[in-house]
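*Asks:*
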Amino acid sequence: MVNPRRNQICCCAECRQAWERSKRQRSKQIAADKPKGTCLWCDGDFDRKHKHQDFCSTDHQQAFNNFWKGKGPALAKALHAWRVGKAKGGLTDLCREFSNAREELKDKRTKAGARKKGAK
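The sequence shown begins at 200 in the numbering used here and counts up by one.
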């Protein structure tokens, strides 16, 4: 093959089309096999792009970081211990604290939303 195009596997159009079809099928299969995750911030489901992904978007990760600014290193350490199974009894106290604080934040958001609707 003289001067092949980038990523070209075959020399003829038929082979190239078959290769492209199989490539599409492989990518669909990979997408279907992605592990599912639950966002730590919003409890939403998402497809994990890498093994230890805990947030569905960078915005939620940033919101999480802003919310826990002072407790970041301790929380990260606790979450890691929980994730790898080293924390006894499932969630650590800090993770429980995060869950309680997140519920409190959700309550504040719903109350603020109700106030806005009531003001209109």
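From the three backbone atoms N, C-alpha and C, an ideal C-beta is built for every residue, glycine too.
With distances taken Cα to Cα, identify the nearest neighbour of E303 among F254, Q216, W240.
*Replies:* W240
*Asks:* Check for me: the alpha helix (DSSP H) holding F266 runs from which residue to which?
*Replies:* Note, F266: alpha helix (DSSP H), 257-266.
*Asks:* Select from D232, D253, W218, P234 the residue whose C-alpha is nearest the C-alpha of D242.
*Replies:* D253
*Asks:* With DSSP collapsed to three states, give me the class of D242.
*Replies:* coil
*Asks:* For R247 versus K233, is the C-beta distance shorter than 8 Å?
*Replies:* Contact: yes.
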